[in-house]
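Structure first, commentary second.
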Amino acid sequence: MGDHHAELAGLLTDWLPRQRWFAGRGRGAGRVQIRRDVTVLEPLRLLIVDVDYERGPADHYQVPLVVRADAPFGHEGFLLGECAGGLVYDGLQDPDGAAALLRFLARATHRDDLVAELRGPAAAGATPLENLPSHPVGAEQSNTSIIYGDAYILKVFRRLWAGVNPDLEVTRALADTGSQHVAAPVAWYSGQIEGRETTFGFLQEYLRSGTEGWRLALASVRDLYAEGDLHPDEVGGDFAAESERLGAATAEVHADLARALPTRSPTGQDLRALVAYLHGRFDAALDATPTLRPFEAAVRGTYDELTDAAPEDVHPRPFQRLHGDLHLGQVLRVDSGWVLFDFEGEPARPVADRVGLESVLRDVAGMLRSYDYAARSMLLERGDEPALKHRAQEWADRNREAFCRGYGHAAGRDPREDAAMLRAFELDKAVYEVLYETRHRPAWAVIPLAALERLTATAPLTT
């Protein structure tokens, strides 16, 4: 296998850096090593690949492959190259590879240390897991998803972190509480990374009737901008009622997580650690994006406010597990209401941070920032028309307030009552957004920069 693996490593050295989910950009040349090569079921092989860098620790990647003697029509887009065994294709894009992975899950078996487990509707005899057509979803940030027959969706984690992935852990915990705001997990598979059982992928019910919250919000904004001279509550596509229901659904998910997983009351030490963490995030962003410099004093001052009062005054709620990266693109409107998905957490944060106990206000702040993005991203498309800027702010404020109101009714405490903490998390999210947009979509950086101007110049939201 030595020569064969050397050929594959050569192909991967060229292919991996071109994938959206590759995390090694800017860390120097990466050295690819194939640590494991498991034949899951013919024709699918699963490679565990380590990439060592000049700077920082190695990354672990899961690379399913199919090696074929033929070149089927339409496979050109996911060809890695050719080796002595034949043509090498991305096994998740290859229909035969995707079918083999589903069969592996359906049989709840193992190959070497690769183990599949089955539970939920499929185990109880709902839509069988075999012989379902597969349809890969478009490129995603850190994983690849495959829809099987409009019944199930499989998320395959490309970059592997040792341990149970928080998306599976949290989704499974919510399903066990009977939550109506999550798609039930059906099966998953795992293996060993750094001596620990590690989640490689998991299968959920596919909510085919669902519409992403981001799309619904954009449709509402589009209706508003088409009218121009009307207020958001005067337009047929007003989104505020849905935002209020979404706030209530989010609060119910938080309550279910607090019942299913550990919680603790925050201490002064917890708040000091949080403030140090927020300052550290700002330091890293400031080094990369000098445009943050004018906001430094106000941002740091807001963070420091959290250590100037008793924990019960700035955060009377327990710290707990949460979504971790909540925004309108992570929620679906289905016939029965709102469903939250993708509990993996913020991709830029280490998994050890994502699974810690935190304030639910981090999730709330993420959603509040998402409303701002929905209004202002479409404003960019309109050439930043001055006449619509006021309408954009009205729409964002109306929906932010509705979300908080719905959350407060369901939780018994409105997030705006914890104004100092909520404002700190909004600022942290906006700082993260400036860093992200500067690197990936420079034209969009004006959205979080405008938010920083508002948040550092005005008082926090009040009830």
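Going by this note's numbering, the first residue of the sequence shown is number 2, and it counts up by one from there. C-beta: ideal position from N, C-alpha, C; glycine also.
Residue from the options with nearest C-alpha to residue i
{"i": "V41", "options": "A109, V89 and Y54", "result": "A109"}
{"i": "P65", "options": "P73, A163, D71 and A100", "result": "A100"}
{"i": "L381", "options": "Q34, Y226, G150 and Y54", "result": "Y226"}
{"i": "A403", "options": "T178, P233 and V187", "result": "P233"}
{"i": "L88", "options": "A411, A376, L12 and V187", "result": "L12"}
{"i": "P317", "options": "V340, R417, G248 and M368", "result": "R417"}
{"i": "H182", "options": "V332, D71 and F426", "result": "V332"}
{"i": "D429", "options": "H441, L456 and Q270", "result": "L456"}
{"i": "A289", "options": "L130, R406 and R440", "result": "R440"}
{"i": "E395", "options": "A376, R383, R370 and H410", "result": "A376"}
{"i": "R1", "options": "V254, P73 and P291", "result": "No statement about residue 1 is possible, as the shown extent of the chain runs from 2 to 464 and does not include it."}
{"i": "V236", "options": "D95, R392, C405 and A458", "result": "R392"}
{"i": "L161", "options": "R36, P319 and F240", "result": "R36"}
{"i": "M413", "options": "G57, Y62, L81 and A249", "result": "The question names Met, but residue 413 is Gly in the sequence shown. Of G57, Y62, L81 and A249, the residue nearest in Cα terms is A249."}
{"i": "K390", "options": "D271, L231, A458 and R406", "result": "L231"}
{"i": "L81", "options": "V365, D271 and T14", "result": "T14"}
{"i": "W16", "options": "D91, P58, Y278 and W445", "result": "D91"}
{"i": "Q205", "options": "Q20, A176 and R197", "result": "A176"}
{"i": "V187", "options": "E77, G78 and P129", "result": "P129"}
{"i": "N166", "options": "R197, A185, H136 and A184", "result": "R197"}
{"i": "R383", "options": "E77, A285, A299 and R223", "result": "R223"}
{"i": "D60", "options": "Q270, A72 and F23", "result": "F23"}
{"i": "P443", "options": "E386, S378 and A185", "result": "S378"}
Per DSSP, the bridge partner or partners of residue i
{"i": "F203", "result": "K156 and W189"}
{"i": "V39", "result": "L47"}
{"i": "D53", "result": "R32"}
{"i": "E118", "result": "W189"}
{"i": "G330", "result": "Note: G330 sits in no beta bridge, so no partner."}
{"i": "Q321", "result": "T264 and E359"}
{"i": "V67", "result": "L45 and Y90"}
{"i": "T251", "result": "Paired residue(s): none; T251 is not in a bridge."}
{"i": "V335", "result": "G338"}
{"i": "G82", "result": "V89"}
{"i": "T292", "result": "For T292, which the question treats as bridged, DSSP gives no partner whatsoever."}
{"i": "N480", "result": "Because residue 480 is not part of the residues shown, which for the chain are 2 to 464, the question remains open."}
{"i": "D60", "result": "V52"}
{"i": "P137", "result": "I147"}
{"i": "T212", "result": "R334"}
Distance between beta carbons of residue j and residue i, contact taken as under 8 Å
{"i": "G325", "j": "F344", "result": "7 Å"}
{"i": "D114", "j": "Q34", "result": "Contact flag wrong, Cβ pair sits at about 18 Å."}
{"i": "W215", "j": "L323", "result": "Incorrect: roughly 20 Å between the Cβ atoms, too far for contact."}
{"i": "R370", "j": "E427", "result": "6 Å"}
{"i": "T292", "j": "V171", "result": "35 Å between Cβ atoms; not a contact."}
{"i": "L119", "j": "L102", "result": "No, L119 and L102 are not in contact; Cβ-Cβ is about 13 Å, not under 8 Å."}
{"i": "R56", "j": "R19", "result": "No, R56 and R19 are not in contact; Cβ-Cβ is about 20 Å, not under 8 Å."}
Residue i vs residue j beta-carbon contact at 7 Å
{"i": "R159", "j": "V39", "result": "no"}
{"i": "D398", "j": "A452", "result": "no"}
{"i": "Y207", "j": "A117", "result": "no"}
{"i": "T251", "j": "Y437", "result": "no"}
{"i": "D257", "j": "S337", "result": "no"}
{"i": "S191", "j": "F203", "result": "no"}
{"i": "G238", "j": "S266", "result": "no"}
{"i": "S210", "j": "V352", "result": "no"}
{"i": "P432", "j": "F283", "result": "It is worth fixing the name first, because residue 432 is Val in this sequence and not Pro. Yes, the Cβ-Cβ distance between V432 and F283 is below 7 Å."}
{"i": "P312", "j": "T264", "result": "no"}
{"i": "L358", "j": "Q321", "result": "yes"}
{"i": "N144", "j": "S244", "result": "no"}
{"i": "Y149", "j": "L133", "result": "yes"}
{"i": "H367", "j": "R355", "result": "Rather than His, the amino acid found at residue 367 in this sequence is Gly. No, Cβ-Cβ distance for G367 and R355 is not below 7 Å."}
{"i": "L219", "j": "W339", "result": "no"}
{"i": "L423", "j": "L327", "result": "no"}
{"i": "A163", "j": "T212", "result": "no"}
{"i": "Q94", "j": "F74", "result": "no"}
Close beta carbons around residue i, own chain, < 6 Å, minus the five adjacent residues each side
{"i": "S146", "result": "V138, I154 and K156"}
{"i": "A70", "result": "G87"}
{"i": "G31", "result": "G25, V52 and Y54"}
{"i": "M273", "result": "Going by the sequence as given, residue 273 is Arg instead of Met. These residues qualify, in order along the chain: T308."}
{"i": "E306", "result": "A421"}
{"i": "L262", "result": "A174 and R322"}
Spatial neighbours of residue i in its chain, beta-carbon cut-off 8 Å, leaving aside the 5 residues before and after
{"i": "G280", "result": "Residue identity check: residue 280 is His in the sequence provided, not Gly. Within the same chain, H280 has close Cβ partners R301 and Y304."}
{"i": "E83", "result": "V89"}
{"i": "R260", "result": "T178"}
{"i": "R294", "result": "L287"}
{"i": "A85", "result": "D4, H5 and E8"}
{"i": "E297", "result": "F283 and L287"}
{"i": "R46", "result": "D38, V39, T40, P65, L66, V67, V68 and G92"}
{"i": "R406", "result": "E245, G248 and D415"}
Beta-carbon contacts of residue i that lie in its chain and below 7 Å, excluding the five residues immediately before and after
{"i": "D469", "result": "As displayed, the chain neither begins before 2 nor continues past 464, which places residue 469 out of reach and without an answer."}
{"i": "R104", "result": "L42 and E131"}
{"i": "G126", "result": "Here the model assigns G126 a pLDDT of 47, short of 50, so the residue's position is not dependable and the matter cannot be decided."}
{"i": "A285", "result": "none"}
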